[in-house]
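In my numbering, the protein residues as written are 432 to 516.
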Amino acid sequence: RWEKGKAWVDEQIDNLVEAIQTIGHTDDNATTVDFGTLFYHYADVSDSLVGILMRAKKRHRLYYDGDMLFQSKDDHVIITVPVAA
Numbered sequence: 432r433w434e435k436g437k438a439w440v441d442e443q444i445d446n447l448v449e450a451i452q453t454i455g456h457t458d459d460n461a462t463t464v465d466f467g468t469l470f471y472h473y474a475d476v477s478d479s480l481v482g483i484l485m486r487a488k489k490r491h492r493l494y495y496d497g498d499m500l501f502q503s504k505d506d507h508v509i510i511t512v513p514v515a516a
């Protein structure tokens, strides 16, 4: 059961990174998007965005300041996905 859960989380992280790369701004080193924009675009995809962000950050797939992000309060926080993610 643990393996199945881990595979689901991995898939969700991959989907999130792909969404950020689609809606974000990419330069030579990374793709960035602010949390407010991501929340607006990703809400239709998953209702567990914050949890997936936290797991992706823990696995070093993306970076942002703070631990847990909240709608409205943290809309300005920049989420960064390295090009190699």
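Don't be surprised by glycine CBs; every beta carbon is placed ideally from N, CA and C.
For V448 and R492, which I take to be in contact (beta-carbon distance under 8 Å), what is that distance rounded to the nearest angstrom? 6 Å
Which residues bound the alpha helix (DSSP H) around V481? The continuous alpha helix (DSSP H) containing V481 extends over residues 480-489.
If I follow the unbroken beta strand (DSSP E) through D465, where does it start and stop? According to the DSSP assignment, D465 belongs to the beta strand (DSSP E) that extends over 461-465.
Express the C-alpha separation of F470 and S479 in angstroms, rounding to a whole number. 10 Å
What do you reckon, are the CB atoms on N460 and V508 nearer than 7 Å? no
Taking only the alpha-carbon atoms, compute the straight-line gap between M485 and D498 and give it to the nearest angstrom. 7 Å
Leaving out five residues on either side along the sequence, give the residues of the same chain with a beta carbon under 7 Å from the beta carbon of T468. The residues are I454.
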